[in-house]
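Its first residue numbered 234, the sequence shown is counted upward by one per residue in our numbering. Heads up, the beta-carbon is just placed ideally off N, CA and C, and yes, glycines get one too.
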Amino acid sequence: MTDPAHTFDITTPEGHFDAYIARPPHGRPRPVVVVLHEVFGVNADLRATCDELAQAGFIAICPDLFWRQDRGVDLSVNSTADWKKGVSLYMAYDLDAGVRDVEATVTAARTLAGADGKVGVMGYCLGGLLTYLTAARTRVDAAVAFHGSRTDEFLNESTDIDAPLQMHLAEEDEFIPMQTQQRIIDALHHNPNVVIYSYPGCRHGFSRHGGTHFDATAAQLARSRTVEFLHRHLG
């Protein structure tokens, strides 16, 4: 996030942190999607995701969720050392502080120059869990969670979700067993604001650019569902 054209600063009472920002071509005011990263930080995968959202007509902002521990984390999914570092950051991560940081990002996004005031949140793994918690604890206009590990630990908060929430689960996810996925589905089944998609044969990170378990067909389907959902609820 060294390019000023793609850097957005977010200031809170607890400190400030950077975010990667991608904008669509100039035109009418656009809705914002806050994109929440995995354990790898704001890396090439998440920047590509933001760029794709910008091409789809959204302003995309990916905040540095690890700023309290180590600023500017940008890890490779193909490096064993980077995996170990990312997992270490994840294990020590303060989820409550993370939700506050996401809420601060959403608040800043609502009045961002060129934005129309509508803000959605989407995230992957750690970011997927934070998306779920943000939808339960704060006000967002839409939320999309990809394979949010540990979501099952917070199912008591599922009744607090009143924003439209789309969830994507990989049926062969090595970090979220089928029994756990079923618990999530059962807890959210009766909430009319929630829709859950399962992807047969897919593993964790199936939509990750360049990932070991990338599944092009499932990734494209998930992306098309996500973009349609965000346009429907954000404009």
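Limits of the unbroken beta strand (DSSP E) element including residue i
i, result
"residue 399", "398 to 403"
"residue 252", "248 to 255"
"residue 349", "348 to 357"
"residue 240", "240 to 245"
"residue 429", "427 to 432"
Alpha carbon of residue i to alpha carbon of residue j, nearest angstrom
i, j, result
"residue 469", "residue 389", "One cannot answer for residue 469 here, as it falls past the ends of the chain, which runs 234 to 468."
"residue 463", "residue 325", "31 angstroms"
"residue 241", "residue 444", "27 angstroms"
"residue 328", "residue 381", "13 angstroms"
"residue 430", "residue 454", "10 angstroms"
"residue 434", "residue 404", "6 angstroms"
"residue 461", "residue 286", "11 angstroms"
"residue 428", "residue 408", "21 angstroms"
"residue 323", "residue 301", "12 angstroms"
"residue 238", "residue 385", "38 angstroms"
"residue 416", "residue 424", "14 angstroms"
"residue 468", "residue 418", "27 angstroms"
"residue 330", "residue 422", "28 angstroms"
"residue 465", "residue 383", "28 angstroms"
"residue 349", "residue 458", "22 angstroms"
"residue 344", "residue 396", "20 angstroms"
Limits of the unbroken alpha helix (DSSP H) element including residue i
i, result
"residue 282", "277 to 288"
"residue 457", "449 to 467"
"residue 418", "411 to 421"
Proximity winner among the options, relative to residue i (alpha-carbon distances)
i, options, result
"residue 353", "283, 391, 405, 385", "283"
"residue 394", "373, 254, 307", "373"
"residue 375", "267, 241, 242", "267"
"residue 369", "277, 333, 342, 343", "333"
"residue 243", "298, 429, 433, 278", "298"
"residue 306", "286, 277, 285, 313", "277"
"residue 356", "314, 412, 440", "440"
"residue 442", "421, 434, 435, 452", "452"
"residue 387", "361, 411, 405", "361"
"residue 342", "438, 256, 459", "256"
"residue 456", "385, 359, 414, 378", "378"
"residue 469", "392, 438, 418", "Here the chain covers residues 234 to 468 and nothing more, so residue 469 does not appear."
"residue 420", "304, 245, 392, 458", "392"
"residue 347", "258, 446, 313, 236", "258"
"residue 446", "236, 406, 296", "406"
"residue 411", "436, 308, 450", "436"
"residue 295", "254, 304, 313, 303", "254"
Interface flag, residue i vs chain B, CB-CB below 8 angstroms
i, result
"residue 449", "The chain inventory of the structure shown lacks chain B, comprising one protein chain alone."
At a cut of 8 angstroms, does the stretch 240 to 253 reach the stretch 337 to 344 through at least three beta carbon pairs?
Contact between the stretch 240 to 253 and the stretch 337 to 344 is established, with three or more Cβ pairs separated by less than 8 angstroms.
Could you tell me which whole beta strand (DSSP E) segments of length 3 or greater appear in the stretch 260 to 339?
Within the stretch 260 to 339, the runs of beta strand (DSSP E) that reach at least 3 residues and sit entirely inside it are, in chain order, 263 to 269, 292 to 296.
Stretch pair the stretch 288 to 297 + the stretch 263 to 274: three plus CB contacts closer than 8 angstroms
Judged by Cβ distances under 8 angstroms, the stretch 288 to 297 makes contact with the stretch 263 to 274, as three or more pairs qualify.
The stretch 265 to 276 contacting the stretch 299 to 319, beta-carbon criterion three pairs below 8 angstroms:
Result yes; three or more Cβ-Cβ pairs closer than 8 angstroms.
Does the contact criterion of 3 or more C-beta pairs under 8 angstroms hold for the stretch 363 to 373 versus the stretch 394 to 402?
A contact exists between the stretch 363 to 373 and the stretch 394 to 402.
Runs of alpha helix (DSSP H) wholly within the stretch 362 to 388 (minimum 4 residues, chain order)
Complete alpha helix (DSSP H) runs here, min 4: none at all.
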